[in-house]
Each structure stands twice: as structure tokens, then as C-alpha cells.
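Reading through the C-alpha cells given below for one structure.
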Amino acid sequence: MESNGEQIVILGAGFAALTAIKSLRKNRFNGAITVISPHSVFAYLPSTIWIPSGLRSREDLEVPLENFFTRFNVRHFQGSVTGLNSEEKRVQTDNGEVPFDRLLIASGARFIQKLPGIKEHAIIPCDGIKAGEQIRDRLAAMDGGAIAMGFAGNPNEPAAMRGGPVFEFLYGIDTLLRKQGRRDKFKLTFFSPAPEPGKRMGPNAVKGLLKEMAKRNIDTHLGHKMKGITENSVITEGGEFASELTLFMPGLTGPAWLTESGLPLSAGGFVVADKGGRIENHPNIYVAGDSGSFPGPAWLPKQAHMADLQAEAAIKNMLSDMAGRPEQHQFKVELICIVDSISTGVLVYRDMKRAIAFKCRLFHWAKLLFERLYLRSIR
Ligand SMILES: Cc1cc2nc3c(=O)[nH]c(=O)nc-3n(C[C@H](O)[C@H](O)[C@H](O)COP(=O)(O)OP(=O)(O)OC[C@H]3O[C@@H](n4cnc5c(N)ncnc54)[C@H](O)[C@@H]3O)c2cc1C
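The numbering of the sequence shown is the working numbering, which starts it at 11 and goes up by one.
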């Protein structure tokens, strides 16, 4: 489609951003696209669960994006977004301002780090490749002891949580210690303030996840509000338990710069949008992926798959708006993931009609295959 000289600017270079770029070119948009992100490197976050076991390393999961940007004729602007002037249509960054005609916000989410001790004494397992490396190195240095892993949500926005990867780290580390023949030297505890952690994946998934923990001799500490993390313990309103290595995934919130942006924000701090990524009273700005707060069921996941679906819908609406076509594209609500444990995997699928959880060895290989195909598509 002819661009009419309009400049499209995309914030971020993660799943939603890359899908948006592919979608723009697939829909024959031939105009200028600028991506603003701190680095022109893509990090394949779902596979960081395999860094502690040595199945993956930083080199496997980081993809320089120069080729991708050349292939899709995208200009990369290196910088971190610090603000937005929506009236003058300018994005502020730590490297100067960038003007836009249409903007897609796809710069992901942030972790709530208010819990006492979280910064000093916990590793946030979803904090990218460096977190996977820290866990790997800490495990290697331990002769035995107590390890605790857990997650919590955003109290103002229950959908803003990421629990799936914590189960994967938990089962992955259990499997690793068994393979190393030293599982008996470690006590593993899973904790969450939620009495039924993983409920968003469906009732069968919760039962299955807890059954798996019992089978693996993993203790649970559930349903108690978190009070803090110390060097050698986790403290909740329901008591304190030992932990020399604590992996804690807190609730998510939106990018910090949003608070001054004038965009409508949800209680949890995300950009409020409709099911097509459109933002009320801001006709040129769209959002996709973890940065947004979208209408949907309570279990609407913040996942790469959803980010892709949301990016596609937002781009179709952006192009319709540019062409003056009154179309309404909406993303499909769908949770799909494989909860991996190195030796096997559980496929979890949920939509508005079904909630399925199914365990099979093949799913571990399916997760590896999916990673390979995805990374090949952006190299
Ligand atoms: C360990 C782990 C396992 C996971 N497993 C799965 C899984 O199995 N299946 C699944 O579907 N999802 C999974 N996810 C979730 C998935 O990775 C996220 O939901 C997905 O990355 C969200 O995509 P996004 O594009 O919205 O944000 P991100 O992928 O987080 O991308 C955000 C981008 O914005 C950039 N950025 C950040 N701040 C700024 C700024 N101020 N200015 C400019 N750019 C900025 C970042 O550098 C990045 O390029 C997993 C996540 C983790 C951490």
C-alpha cells in the first residue's frame, strides 16, 4: 500500500515489534518504518529457561537484527524511550526526539520491585538472558541447601503476571539436579500468595502442576501474602522458610514513561486499548503486547503468542485508518504454551471455549523446534 509519506514508528524490538514489521510489509506498506530500542538485538526470552541447564547460552538466544532490518527496510534508532508528546507527535528518548505520524507502542512490561529485599536477595528469573546466567552460576557454586522459587501478581491488575516460566525453572532445576546426582542435597520450595497458582492456565493445569511438584518432592507454601526476602529466607504472612537461592517473579506493570504520557492507563499501569490495539482519543497511536491492557477474560495472558496476535490486529487497524477504511480488526484471545521441564513438556491451551493441558515428551522437542523456526525467520 502507498504510504502517503507517513512515518511509522515502533517502540521496542521484541515479539510484538518484529511481528508488526513483518505484518506491515506483508500488507504491502511501502513507507518508512523506524524502530526505537536500546539495542538492535532480539532476545528470545522463552528459551532462557534452558540457560541454567546449559542447553542454551547467550549466543544461542541473542539475534543481531541488522539483517532483519535490512530485509524489511527498517531504520533502527538506538535509544530508550523516556516520554511522549502525543499532540506534537514526537517520541522522547535518551538519544533525542523522533517524530511520527503513526506510533505502535510495543516496548514490553516492567517488574514491580517494591517487595523488601527483592533487589538485593532475589533473582527475577524472567529478567532476560542475564538472569538465566546468574541462576546457572549460583547453582554451580552451591554444594546443597534450600532453593525457593515463586511468583506473584500485580494486585491492581490480576492479568499482569508471569507464572509459566517459574514452573519451567522449577521443574528444569529439579531435573538438572537429578541428572547431576545431587538432588538429595537440595530442598526445593515453590511459593506464591495465590492459593491456586497457575489458575489462569485452566483448572486441569493447576491440578497437574501441583501433582508434578508432589511427585518431584518439591514443598509448597501457598496462599500467604509476601512480606520480604532475606539473604537466606523468604518471609510471608504465613511464616518464614529457608532459601539460600530465591527466584522470585513479581507482578508486572507498564513502562515507567507512560505515567507522564497523557495516554489512558489501567489500574496496573498499562496502556488501555480496545481489542484492536486502538487507544481512545489518540487516533494515531496503537499498542500491542505486554505494554497494553486489553479487554478480555481474567486469564488473558501476557505472552509472546498474544503479543504477536495483538500486533497483527493493531497493524491491520493502523493501515485501515491510513487508507480511510472503516474496518475493525480484533485479536483472537488464545493462551498457548508448553510448560517445559527439559525431559518432557505440558501443552497448555485455552480459548473462550476450552482449557486443555496435556503432558508428553514430544512437547519438549516441539518447543525446541518452534524456537528454531522463529529464530530462523528473523536471522
Ligand atoms: C523466561 C520466559 C519464558 C517465557 N515463555 C513464554 C512461552 O513459552 N510462550 C509465550 O508465548 N511467552 C513466553 N514468555 C513471555 C514473552 O516472552 C513475552 O510475553 C513477550 O516477550 C512480550 O512481547 P513484547 O513484544 O510485548 O515485549 P518484549 O518481548 O519484552 O519486548 C520489549 C522490547 O522493548 C524494548 N524496550 C524496553 N524498554 C524500552 C524503552 N524504554 N525504549 C525503547 N525500547 C524499550 C526491549 O528492549 C524489547 O526490545 C516468556 C517470558 C520469559 C521471560
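All C-beta atoms in this analysis are idealised placements derived from N, C-alpha and C, irrespective of residue type, glycine included.
**Message:** I'd like to know if Q340 contacts chain D, where contact means its C-beta is closer than 8 Å to some C-beta of that chain.
**Reply:** Of the protein chains in the structure, only one exists, and it is not chain D.
**Message:** Considering just the uninterrupted stretch of the alpha helix (DSSP H) at L180, what are its terminal residues?
**Reply:** Looking up residue 180 in the sequence shown gives position 170. Per DSSP, the unbroken alpha helix (DSSP H) holding L180 starts and ends at 174 to 189.
**Asked** Exposed or buried, Q313, counting other C-beta atoms within 10 Å across all chains shown (16 or more means buried)?
**Response** As a position in the sequence shown, residue 313 is number 303, starting the count at 1. That one is buried.
**Prompt:** Using DSSP with H/G/I as helix, E/B as strand and the rest coil, what is P207?
**Reply:** On the sequence shown, position 197 is the one that residue 207 refers to. Here P207 sits in coil by DSSP.
**Request:** For S202, verify whether its CB is less than 7 Å away from any heavy atom of ligand 1.
**Result:** Here residue 202 is taken as the residue at index 192 of the sequence shown, counted from 1. No.
**Prompt:** So what does K369 bridge to, in DSSP terms?
**Reply:** For the purposes of this step, residue 369 is identified with residue 359 of the sequence shown, where counting begins at 1. Beta-bridge partners assigned by DSSP to K369: V356.
**Message:** Taking only three categories from DSSP, how would you classify I31?
**Reply:** Position 21 of the sequence shown holds residue 31. Three-state DSSP puts I31 in a helix.
**Asked** Is it buried or exposed for P307, if we count other Cβ within 10 angstroms and need 16 for buried?
**Response** To locate residue 307, count along the sequence shown from 1; it is residue 297. A residue is called buried once 16 or more other Cβ atoms fall within 10 Å of its Cβ, and P307, having fewer, is exposed.
**Prompt:** Secondary structure at Q340, three-state DSSP: helix, strand or coil?
**Reply:** Position 330 of the sequence shown, counted from the first residue, corresponds to residue 340. Under the three-state reduction of DSSP output, Q340 falls in the coil class, being neither helix nor strand.
**Message:** For T103 and I20, which I take to be in contact (beta-carbon distance under 8 Å), what is that distance rounded to the nearest angstrom?
**Reply:** As a working mapping, residue 103 is identified with position 93 in the sequence shown. As a working mapping, residue 20 is identified with position 10 in the sequence shown. For a cut-off of 8 Å, the C-beta gap from T103 to I20 is around 13 Å, too long to register as a contact.
**Request:** Flag T58 as yes when its Cβ comes closer than 7 Å to any non-hydrogen atom of ligand 1, and as no otherwise.
**Result:** As a working note, residue 58 is residue 48 in the sequence shown. Within the cutoff, so yes.
**Contacting residues, own chain, Cβ-Cβ under 7 Å from A116 (five flanking each side not counted)** = By 1-based counting over the sequence shown, the position of residue 116 is 106. If we look at A116 and ignore the five residues flanking it on each side, its Cβ neighbours are I20, L21, G22, G24, A26, A27, A30, A298, G299, S301, A321.
**Asked** Does the pairing of the stretch 348 to 366 with the stretch 151 to 165 give three or more beta-carbon distances under 8 Å?
**Response** No, they do not touch.
**Message:** Quick check: does the Cβ of H86 come within less than 7 Å of any heavy atom belonging to ligand 1?
**Reply:** In the sequence shown, residue 86 corresponds to position 76, counting from 1. Residue side-chain check: H86 keeps its Cβ at 7 Å or more from all non-hydrogen atoms of ligand 1.
**Item:** Beta carbon of M171 nearer than 8 Å to that of G261
**Value:** As a working note, residue 171 is residue 161 in the sequence shown. As a working note, residue 261 is residue 251 in the sequence shown. Their beta carbons are under 8 Å apart, which means M171 touches G261 by this criterion.
**Asked** Can you check whether the CB of A333 is closer than 8 Å to the CB of Y296?
**Response** The residue you call residue 296 lines up with position 286 of the sequence shown. The residue you call residue 333 lines up with position 323 of the sequence shown. Between Y296 and A333, the C-beta spacing is not below 8 Å.
**Asked** Sorted by chain position, which residues of the same chain lie with C-beta nearer than 8 Å to I366's C-beta, five sequence neighbours on each side aside?
**Response** Translated into positions along the sequence shown, residue 366 becomes position 356. Closer than 8 Å at the Cβ level, and outside the excluded window around I366, lie G212, N214, L357, V358, Y359, R360.
**Request:** Please classify E143: does DSSP put it in a helix, a strand, or coil?
**Result:** Within the sequence shown, numbered from 1, the residue matching residue 143 stands at position 133. Per DSSP, reduced to three states, the secondary structure at E143 is helical.
**Request:** Kindly indicate which three-state DSSP category G249 falls into: helix, strand or coil?
**Result:** As a first step, residue 249 is located in the sequence shown; it is residue number 239 there, counting from the start. In the three-state DSSP reduction, G249 falls in the strand class (E or B).
**Asked** Does ligand 2 have even one heavy atom less than 7 Å from the beta-carbon of K342?
**Response** Although ligand 2 was asked about, the structure shown includes only ligand 1 as ligands.
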